[in-house]
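Report on one structure; see the data block that follows.
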Amino acid sequence: MPDSFKEILSRESVFVKRDVLSPHYIPGKLPHREKEIERVMRSVSPALEGGKPRNLFIYGKTGTGKTSTVKYVLNKLQEEESGKSAPISFINCRLYGSRYKVMQKIVQDHIPDFAKPGYGISFFYERLLDWIEKDGKQLIVVLDEVDMVKDLDDLLYTLTRSNDDLKKGGVSLLGISNRLNFKEKLDPRSMSSLLETEIVFSPYNSRELASILDARSKTGFAKGAVEESAINLASAIAAQETGDARYALKLLLRGGEIADERGERPVTDKHVEEARKSVDEGVATDAISTLPDHQQIVLYAISKLTLRGSRYSRLGNGDSDGENYLLSGEVYEDYVDSSKKFHKMPRSARWFRQYLNDLEMLGLITMVDSGKGQRGHTRFIKIAYSAEKVRDIVEKQLMGG
DNA sequence: CCTCCACAGGAAGCGCAGGAGT
DNA sequence: ACTCCTGCGCTTCCTGTGGAGG
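Just so you know, our numbering puts 91 at position 85 of the first sequence, and the rest follows in order with no gaps.
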């Protein structure tokens with residue numbers, strides 16, 4: 007318990023430059039991505055000499071450094087080529103998820119005068135061609151999370167076709183995606199245009215993660231403020247999950263915050279261990295509060311019944327492990343009641359089943375098929391997180407609003 | 001053995017909001 | 001700015017499934 011604000015302020019933090027630990031920070035050096043950086047540079051380099059870069063496609067799971075690598079290379083490109091012959095549009099397709107929006111964004115980036123809404127695609131297209139031809143520019147369009155574009159075939163067609171319509175200059179594409187299987191849905195023609203070159207980013211292993219964390223903590227943390235074992239644990243946990251560098255960074259950052267809150271000085275693996283709980287809980291809270299209302303209500307019904315105990319408590323005799331499993335029928339009944347409580351019209355039983363499947367996909371509940379000992383064919387449902395917490399989150403979410 | 005139970009999940013169709021085209 | 005179109009969330013209807021009960 008601090009005696010005064012003065013004490014809190016004078017207390018030394020383990021951080022010296024906190025934002026270095028943030029996942030958005032792009033360090034001056036990207037460890038373990040040297041090969042990838044070189045390949046991206048190689049494919050972009052023709053732009054420096056007025057040539058058309060090859061189209062490039064990058065895959066890799068989240069937190070493997072795809073976006074950072076591309077941003078790093080493009081920053082370098084703009085530094086070395088301070089002229090205006092290789093303009094860049096960096097587009098996050100989660101925000102600009104259609105051909106129209108992407109085209110509009112490109113125009114807005116470079117010729118904002120014409121970016122008013124209401125114009126058709128063909129208008130944007132021709133303005134853009136004029137602008138590129140003017141002094142033979144080499145436009146580079148980066149499509150981050152490219153799988154989020156609804157009419158991707160059309161977009162790719164439009165952009166690659168522009169090279170045929172241009173007398174001078176060119177447009178090249180750089181696509182980034184974390185889903186490997188999405189190209190199956192693509193038109194073979196747009197596939198071959200996008201996949202001229204392909205780079206796969208593999209997940210970091212725990213040693214690589216450790217050296218990344220180590221490098222960042224050297225500038226982010228105060229000297230001696232973080233123990234090596236803490237870094238190793240954070241890397242090991244993240245490597246075990248998916249090799250996600252963002253997750254590893256979060257663990258370390260949160261661990262530092264926890265240590266600060268208690269005024270403890272070196273960040274140890276104990277802090278990281280607790281950070282893991284807190285981070286995972288935060289993820290669950292986020293996942294729940296962004297859920298559609300009715301899925302939240304289903305979760306609410308499940309958590310309520312879990313706390314009260316199943317009405318049909320006769321599970322297979324002797325199966326003492328099966329505590330707190332609920333039947334989908336009784337959950338539906340409570341879901342209908344709970345919907346009324348939150349002033350919502352309950353959905354049909356068919357759609358309720360769909361909700362259950364969605365929630366299972368998100369890892370918020372688990373289900374097993376009813377075996378012996380149960381009349382009829384149903385599923386046993388169990389909540390994956392603390393029932394009290396889930397109930398409170400949903401209540402807060404749906405009551406005040 | 002057949003029937004019933006208590007569901008699972010596919011198919012078809014419907015109304016609506018928002019995006020595309022004019 | 002206006003209409004047309006499409007995708008999405010949802011309902012209704014239906015067939016399937018595996019054990020219980022008679």
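We put the CB at the ideal spot given by N, CA and C, even for glycine.
Bear in mind that the values here come from a model prediction, so they are computed numbers and not experimental data.
So what does DSSP say about Arg-185, is it helix, strand or coil? coil
Taking 9 angstroms as the cut-off, decide whether the C-beta atoms of Ile-237 and Ala-216 are in contact. yes
Thinking C-beta only, is Ser-95 closer than 9 angstroms to Lys-111? yes
Length of the line joining the Cα atoms of Asp-325 and Ser-295: Here the model assigns Asp-325 a pLDDT of 41, short of 50, so the residue's position is not dependable, and the following value carries that caveat. Their Cα atoms are separated by approximately 34 angstroms.
Would you kindly work out how many angstroms separate the C-alpha atoms of Lys-41 and Arg-356, rounded to a whole number? 51 angstroms
Work out the CA separation of Leu-192 and Ile-64 for me, nearest whole Å. 16 angstroms
Cβ contact (3+ pairs, closer than 8 angstroms) linking the stretch 46–66 and the stretch 174–189: yes
Helix, strand or coil: which one does DSSP assign to Gly-269? coil
Output the distance between the C-alpha atoms of Ser-392 and Val-400, rounded to the nearest integer angstrom. 13 angstroms
For the alpha helix (DSSP H) holding Tyr-306, just list the boundary residues, first then last. 299–314
Taking Ala-6 and Leu-257 to be in contact with their CB atoms under 8 angstroms, please state how far apart those CB atoms are, rounded to whole angstroms. Only positions 7 to 407 of the chain appear in this structure, which leaves residue 6 out of reach.
The alpha helix (DSSP H) enclosing Asn-61, as first and last residue numbers: Unbroken run through Asn-61: none, as it is neither H nor E.
Kindly indicate which three-state DSSP category Lys-370 falls into: helix, strand or coil? Contrary to the premise, residue 370 reads as Leu rather than Lys in this sequence. DSSP places Leu-370 in coil when its eight states are reduced to three.
Which residues does DSSP pair with Thr-291 in a beta bridge? Answer by DSSP bridge pairing: none, since Thr-291 is not bridged.
Just the Cα atoms here: how many angstroms apart are Gln-144 and Glu-151? 22 angstroms
Which first and last residues belong to the beta strand (DSSP E) in which Phe-21 is found? Where Phe-21 is concerned, there is no enclosing beta strand (DSSP E), given that its DSSP letter is neither H nor E.
Report the CB separation of Leu-240 from Ala-254 in whole angstroms; it is logged as a contact under 8 angstroms. Residue identity check: residue 240 is Ala in the sequence provided, not Leu. Sure, about 5 angstroms apart at Cβ, within 8 angstroms.
Look up Phe-207 in the DSSP assignment and say whether it is helix, strand or coil. strand
Taking just the CA atoms, how far does Ser-212 sit from Gln-246? 8 angstroms
Hey, would you say Lys-67 sits closer than 9 angstroms to Asp-250, going by beta carbons? yes
Is Ser-104 closer than 9 angstroms to Asp-157 when the C-beta atoms are compared? yes
Comparing C-alpha positions only, which one of Gly-56, Thr-75 and Glu-44 sits nearest to Pro-33? Thr-75
Given a cut-off of 9 angstroms, decide if Pro-29 and Gly-69 are closer than it, judged by their beta-carbon atoms. yes
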